[in-house]
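Novice:
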Amino acid sequence: MTTDYEYKVGGSLGENAPSYVVRQADFDLYHSLKAGEFCYIFNSRQMGKTSLIVRTMNKLQAEGFACTSLDFSVRGSRDIKSEQWYAGIVYKLTVNFNLGNPSEILRGWWVERGAIPPIERLEEFIETVLLASIQSKIVIFIDEIDSILSLGFDTGDFFALIRSCYEKRNFNPEYRRLTFALVGVVTPGDLIADKRRTPFNIGRAIQLEGFKDSEIEPLAKGFEGQIENPNALIREILTWTGGQPFLTQKICRLIATDPNVETRSRSVPKVNFASLQDLIQKNIIENWESHDEPEHIKTIRDRMLLGEQVAGRFLGWYQQILLSGYIHVDESIEQIRFRLTGLVVKQQNIIKVYNRIYESVLNLTWVEKELKKIRPYSENFQAWVDSNYQDSSRLLRGQALQNALQWATQKSLSNEDSRYLAASQELEKRELEASLAVQEEDSRILSAANETLSKAQKKSKRMIQFGSTFLAVSIIGAIIASVFASITLKELTVTKLEKTGINLLQEPFLGGEIKGLVNAMRAGRELKNLVNDKPLADYPTYSPALSLQYILSNIRERNQLQGHTGEVYSVAISADGKTLASAGADKTIKLWNISTGKIISTLSGHTAIVNSVAISADGKTLASAGADKTIKLWNISTGKLISTLSGHTDWVNSVAISADGKTLASAGADKTIKLWNISTGKLISTLSGHTDAVSSVAISADGKTLASAADKTIKLWNISTGKLISTLSGHTAEVYSVAISTDGKTLASAGADKTIKLWNISTGKLISTLSGHAAEVYSVAISPDGKTLASASLDKIINLWNISTGKLISSLSGHTAIVNSVAISPDGKTLASAGADKTIKLWNINTGKFISTLSGHTAEVYSVAISPDGKNSCFCKFGQNHQLVEYKHW
0 MTTDYEYKVG GSLGENAPSY VVRQADFDLY HSLKAGEFCY IFNSRQMGKT
50 SLIVRTMNKL QAEGFACTSL DFSVRGSRDI KSEQWYAGIV YKLTVNFNLG
100 NPSEILRGWW VERGAIPPIE RLEEFIETVL LASIQSKIVI FIDEIDSILS
150 LGFDTGDFFA LIRSCYEKRN FNPEYRRLTF ALVGVVTPGD LIADKRRTPF
200 NIGRAIQLEG FKDSEIEPLA KGFEGQIENP NALIREILTW TGGQPFLTQK
250 ICRLIATDPN VETRSRSVPK VNFASLQDLI QKNIIENWES HDEPEHIKTI
300 RDRMLLGEQV AGRFLGWYQQ ILLSGYIHVD ESIEQIRFRL TGLVVKQQNI
350 IKVYNRIYES VLNLTWVEKE LKKIRPYSEN FQAWVDSNYQ DSSRLLRGQA
400 LQNALQWATQ KSLSNEDSRY LAASQELEKR ELEASLAVQE EDSRILSAAN
450 ETLSKAQKKS KRMIQFGSTF LAVSIIGAII ASVFASITLK ELTVTKLEKT
500 GINLLQEPFL GGEIKGLVNA MRAGRELKNL VNDKPLADYP TYSPALSLQY
550 ILSNIRERNQ LQGHTGEVYS VAISADGKTL ASAGADKTIK LWNISTGKII
600 STLSGHTAIV NSVAISADGK TLASAGADKT IKLWNISTGK LISTLSGHTD
650 WVNSVAISAD GKTLASAGAD KTIKLWNIST GKLISTLSGH TDAVSSVAIS
700 ADGKTLASAA DKTIKLWNIS TGKLISTLSG HTAEVYSVAI STDGKTLASA
750 GADKTIKLWN ISTGKLISTL SGHAAEVYSV AISPDGKTLA SASLDKIINL
800 WNISTGKLIS SLSGHTAIVN SVAISPDGKT LASAGADKTI KLWNINTGKF
850 ISTLSGHTAE VYSVAISPDG KNSCFCKFGQ NHQLVEYKHW
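In numbering that gives the first Met the number 0, the protein residues as written are 0 to 889.
#1: How is the beta strand (DSSP E) around residue 139 delimited, first residue to last?
#2: Evaluate residue 368 with the Cβ neighbour count: other Cβ atoms within 10 Å of its Cβ, from every protein chain shown; 16 or more gives buried, anything less gives exposed.
#3: Taking C-alpha atoms, which residue in 152, 696, 229 lies nearest to residue 80?
#4: With 16 as the cutoff for other CB atoms within 10 Å, does residue 717 come out buried or exposed?
#5: Could you tell me which residues DSSP puts in a beta bridge with residue 764?
#6: If you count every other CB in all the chains shown that lies within 10 Å of the CB of residue 71, and 16 or more means buried, which is it?
#7: Where DSSP assigns a beta bridge to residue 611, which residues make up the other side?
#8: In the DSSP output, which residue or residues are listed as bridge partners for residue 327?
#9: With the cut-off set at 8 Å, would you say residue 812 and residue 796 are in Cβ contact?
#10: Out of 222, 832, 621, point me to the one whose CA is closest to residue 5's CA.
#11: What does DSSP give as the partner residue(s) for residue 716 in the beta ladder?
#12: Can you tell me the Cβ-Cβ gap for residue 799 and residue 792, rounded? I've got them flagged as a contact below 8 Å.
#13: Looking at the C-beta of residue 700, does it have a partner C-beta in chain C at a distance below 8 Å?
#14: Buried or exposed: residue 486, going by 16 or more other Cβ atoms within 10 Å of its Cβ?
#15: Which value, in whole angstroms, describes the spacing of the CA atoms of residue 268 and residue 96?
#16: Closest by CA to residue 231, which one among 246, 275, 155, 682?
#17: Looking at the secondary structure, which residues open and close the beta strand (DSSP E) in which residue 788 lies?
#18: May I ask which residues mark the beginning and end of the alpha helix (DSSP H) holding residue 301?
#19: If you follow the alpha helix (DSSP H) that residue 189 is in, where does it begin and where does it stop?
#20: Consult DSSP for residue 160 and reduce its assignment to one of helix, strand or coil.
#21: Could you work out which residue in 68, 165, 820, 789 is closest to residue 833 when comparing CA atoms only?
#22: Taking the alpha helix (DSSP H) that residue 94 belongs to, which residues open and close that run?
#23: Using beta-carbon positions only, say whether residue 178 and residue 62 come within less than 8 Å of one another.
#24: Would you tell me roughly how many angstroms separate the C-alpha atoms of residue 224 and residue 90, rounded to the nearest one?
#25: In chain order, what residues of the same chain have a beta carbon less than 8 Å from the beta carbon of residue 610, not counting five sequence neighbours either side?
#26: Just reading off the alpha helix (DSSP H) that residue 53 is part of, what are its end residues?
#27: Excluding sequence positions up to five away, which residues of its chain have a Cβ less than 7 Å from the Cβ of residue 327?
#28: Relative to the C-alpha of residue 695, which residue among 672, 678, 703, 702 is closest?
#29: Between the alpha carbons of residue 464 and residue 577, how many angstroms are there, rounded?
#30: In terms of residue numbering, what span does the alpha helix (DSSP H) encompassing residue 366 cover?
#31: Which same chain residues, not among the five before or five after residue 771, have their C-beta less than 7 Å away from its C-beta?
#32: By how many angstroms is the C-alpha of residue 161 removed from the C-alpha of residue 118?
#33: Below 8 Å, can you find three or more Cβ-Cβ pairs linking the stretch 17-34 to the stretch 202-210?
#34: What would DSSP say about residue 741, mapped onto helix, strand or coil?
#35: Spatial neighbours of residue 306 within its chain, please: C-beta separation below 6 Å, excluding the five flanking residues on both sides.
#36: Inspect the CB distances between the stretch 115-130 and the stretch 5-19 and report whether three or more fall short of 8 Å.
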């Protein structure tokens, strides 16, 4: 190794350290701070952050800047009081900038202002002492800020003060001389945890990446004169470290100090890379814990396992990466924290293992070992996974399932864990429903038989003078005779009818409700022809009659509406419940007569997919939103186009009409919401503020407030002024749906982070977070009384929640694919859900029982709505001998 050349392992490198590698971050940080920009470097540990601060600070000081660095890893423990902590900052600033006697400052200046909070004293100190005493530009580096977050008091005030120093530049020019640089292992969202306050959203993020091939010259210099081509050796080292600074410096030092490593060669191809591999294997990978000095891999491991709540999620993600090579970036806060462990690295739109060394040490065996420690159902889970998710005997039931769900509460589980628990819940629910169904069926058949027996007894008393006991025996004997009599054509027919009736009782709506009704009617007619006019007591089998009775009592399916030639994206029902509008991928809107199921008219005009429809409260006007960037208004009675509203520069995703029918809101992929005057078709205003496509809009019942969902936020707007009221932040991934309660007090939002959040609209405060879905939540709806919330998810489940307590009431299973949308009837009794399985299902909200499936769509169903009158009725009329003579469903 070159004389006096040292590779530094652990700690920061000095200003003139020869092995310091200049990266793009050096250029970015220096020029940004010189220009007065607030900066932050948030990255994993041992990436060279402190060394970067030292070099940048020295360069700025050489140019006349007043600079200091506050290292908060030594600024007190969790037990320190806020008074002491803030006083300590004033003390350090006084010393570092030579502002006077620090003891006098604390005994005099600080104590004299004891009547005001410490944060306000620090604010005053910055303005009246620091800025007044120093006339040059000032840069304050705040290092190890993650240590601040572990203090025993709210430190959000401190970061809010830093943000206010930036904002004061608009009012006080002196603040333009003051700049901060924040450094640590955190995310911007961690700095101000109180969601009621403006988040820390200022400054430039400095990307600190690993060493690249083009930057390795300083490292290669240490081997000049030792090998023919040191650059080739450093490049090979990078194939092991991925450019991770600590590991790269460590391996260089191992090579330089190990006499057994063959580094001499006459040409590049002969550099002994096998010897390098042996050195890494023996000194880093094998028995890695004993070699991990200073600690590096242990630090990464500990951050991966920091808290059982997130360890499951981090291990699950890492397991997926080891198995498939990568996972996709979603920029959620949780995933950013995963990257801050240092174990993985973001490359464009994927996340992969940082390097070969990490992958060799923290391998799949390690992952499985750690997962077993935190997973109370580990053995059954692993057996289920090994069976390719098929062995249902390994799923949890009863108390074991309840214990597992309790353990999973407030934890970020891996996808496979969520899938396992969801499958266990689904199985237990099916078994419970099957058991209840058997009990209900037994009870119903027994009740029906007792009723039939009673009627037969009353009729027979007039003709037969035998006792009631003999009559009962005769009836039972007739039933037994119908089963065990000699096989004749008649008895074969009876056996067939008995089997049909039993099948219909077990699965009355197999293949659809209308099909079940037709099969029951056919069996009933055959039975009627078989018995002629015999009394019911002489029927050879009762199951066809019982099945017809059950189906007529429970059928809810309406006529199947078929007409679209592609997927149906949205439906809406008029206030009088007579007309339904549907929108689809075939670029049309269809109007249907609900009572007859026939198409009234087809509205053509859009030149691309129609994403959304809405009907005005008076039932006269329909609005449609399309991928052709337009909204169209239609006269429902004539089917004619009224006007086309143009203004969006990208897809229009959603429309909503105010209760008075005067205003229309549209949400676009162009990141805007537009408000329109329906009567004139003119644009009222454009609401801008979202940073991504707006996916959903909702208008409050009083027409004063609009809610919009996009990126990871919900925004509330004043419709009359078009001004932003507040931004609700809390979701860690895209928000898909919003709904406002009838009283206008509560807003519900659903997102890709698998949660539903309830917000107080007047204060903008988060009321509660509802967690329970195993996948993204696509839709929410609030009951008219504001007590119940329904949510629909990618996990094929609809969840019902108690809004006041935030607790799960029940989970509704039945869809075989994604549930895209939910809607609740005005009476609050019925819930409709729309799914990618091409069906709409109706549910009884009070009992959580499945009512019916509405089939007819030939592709995925994306949205449902229920008419304001909430009607969903069936009328059945019988003639003599239980013949069905009329059936209507509306």
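Glycine included, every Cβ here is placed at the ideal spot set by N, Cα and C.
Specialist: Taking the geometry as given:
#1: 137-142
#2: exposed
#3: 152
#4: exposed
#5: Answer by DSSP bridge pairing: none, since residue 764 is not bridged.
#6: buried
#7: 624
#8: 349
#9: Going by beta carbons, residue 812 and residue 796 fall inside the 8 Å limit.
#10: 222
#11: 705, 723
#12: Not quite, the Cβ-Cβ distance comes to about 12 Å (not below 8 Å), so this is no contact.
#13: In the displayed structure, chain C is absent; only one protein chain is listed.
#14: In this prediction, residue 486 scores a pLDDT of 42, lower than 50, which makes its location untrustworthy; no coordinate-derived value is stated.
#15: The pLDDT assigned to residue 268 is 36, lower than 50, so where the model puts this residue is not dependable; a value taken from the coordinates is nonetheless given after this. Looking at the two C-alpha atoms, the distance is approximately 55 Å.
#16: 275
#17: 787-792
#18: 296-303 is the span of the alpha helix (DSSP H), which, as asked, contains residue 301.
#19: 187-190
#20: helix
#21: 820
#22: First-last of the alpha helix (DSSP H) with residue 94: 81-95.
#23: no
#24: 50 Å
#25: 568, 569, 582, 624, 625, 626, 650, 651, 652, 653
#26: Per DSSP, residue 53 belongs to the alpha helix (DSSP H) from 48-61.
#27: Listed in chain order, the non-local C-beta contacts of residue 327 below 7 Å within the same chain comprise 348, 349, local neighbours out to five positions each way being set aside.
#28: It is 672 whose Cα lies nearest to the Cα of residue 695.
#29: Note on residue 464: pLDDT 45, under 50, position unreliable in the model; no value is reported.
#30: Residue range 363-373 is occupied by the alpha helix (DSSP H) that includes residue 366.
#31: 798, 807
#32: 11 Å
#33: yes
#34: coil
#35: none
#36: no
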